[in-house]
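Report on the structure given below.
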Amino acid sequence: TPLHLASANGHADVVRYLVRKNSQLNLADNFKRTPLMKAVQCKQGECVAVLLEHGADPNLADRDGNTALHLAALSPDHTVARLLLQHNANIEAQNQEGHTPINLAASKRHKGMLKWLLKKAADRQAQAQRER
1076 TPLHLASANG
1086 HADVVRYLVR
1096 KNSQLNLADN
1106 FKRTPLMKAV
1116 QCKQGECVAV
1126 LLEHGADPNL
1136 ADRDGNTALH
1146 LAALSPDHTV
1156 ARLLLQHNAN
1166 IEAQNQEGHT
1176 PINLAASKRH
1186 KGMLKWLLKK
1196 AADRQAQAQR
1206 ER
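Read in order, the letters of the sequence shown correspond to residues 1076 to 1207 in our numbering.
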């Protein structure tokens, strides 16, 4: 869709325009990837932010069961992952192979991303414990 293309290519102004024109934020392509997933995959942080601010769902999964956070974990930079977690991305989501975003970061040997995700997971567990 035009929103997929604009998101993947970093055209945040076009993404904003399409979102205002009521483009479907969570419409999936043939691989069940949403515009948010395409923006994450192509490391387009501004587009990711725009989509999330307008209600894109960070927990939808593609045909392999990967969420946007799984795709973000494949990168050594955690800027996009931070945005996703701020919008309630599930850090414990498992893809069809049973891998979480943390597993994927470890498999790519992205030590910075791995350390950051582990800290975020621990923070969330501690918060859940306090809320009980």
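Ideal Cβ placement from N, Cα and C applies to all residues, glycine included.
| said: Quick check: LEU1159 and ALA1131, are their CB atoms within less than 7 Å of each other? | reply: Within the sequence shown, residue 1159 is the residue found at index 84, counting from 1. Within the sequence shown, residue 1131 is the residue found at index 56, counting from 1. Cβ atoms of LEU1159 and ALA1131: not closer than 7 Å.
| message | Please tell me whether ALA1083 and VAL1125 are closer than 7 Å, where the distance is taken between their beta carbons. | response | As a working note, residue 1083 is residue 8 in the sequence shown. As a working note, residue 1125 is residue 50 in the sequence shown. Result no, Cβ atoms of ALA1083 and VAL1125 do not sit closer than 7 Å.
| Best match in ALA1196, SER1182, GLN1169 for proximity to GLN1161 [C-alpha to C-alpha] | Taking the first residue of the sequence shown as 1, we reach residue 1161 at position 86. Closest option to GLN1161, Cα to Cα, is ALA1196.
| said: I'd like the span of the alpha helix (DSSP H) that includes ASP1198, first residue to last. | reply: Position 123 of the sequence shown, counted from the first residue, corresponds to residue 1198. Where ASP1198 is concerned, the enclosing alpha helix (DSSP H) stretches over 1186-1206.
| request: From the DSSP output, in three-state form, read off ARG1095 for me. | output: Taking the first residue of the sequence shown as position 1, residue 1095 is located at position 20. Note: ARG1095 maps to helix in three-state DSSP.
| Contact check, GLY1140 vs ASN1170, beta carbons under 7 Å | Your numbering for residue 1140 matches position 65 in the sequence shown. Your numbering for residue 1170 matches position 95 in the sequence shown. Going by C-beta atoms, GLY1140 is nearer than 7 Å to ASN1170.
| When you compare only the Cα positions, how much space is there between VAL1094 and ASP1104? | Against the sequence shown, residue 1094 aligns to sequence position 19. Against the sequence shown, residue 1104 aligns to sequence position 29. Those two C-alpha atoms are separated by around 17 Å.
| PHE1106 vs ASP1152 beta-carbon contact at 7 Å | The count along the sequence shown starts at 1 and reaches residue 1106 at position 31. The count along the sequence shown starts at 1 and reaches residue 1152 at position 77. Not in contact: PHE1106 and ASP1152 (Cβ atoms no closer than 7 Å).
| field | Neighbourhood of LEU1179 by C-beta, 7 Å cutoff - its chain only, sequence neighbours within 5 removed | value | Mapped onto the sequence shown, residue 1179 falls at position 104. HIS1145, ALA1148, LEU1149, listed in sequence order.
| query | In three-state terms, what does DSSP make of ASN1141? | reply | Along the sequence shown, read from residue 1 onward, the residue named residue 1141 stands at position 66. Here ASN1141 sits in coil by DSSP.
| query | So what does DSSP say about GLY1130, is it helix, strand or coil? | reply | Here the question's residue 1130 lines up with position 55 in the sequence shown. Here GLY1130 sits in coil by DSSP.
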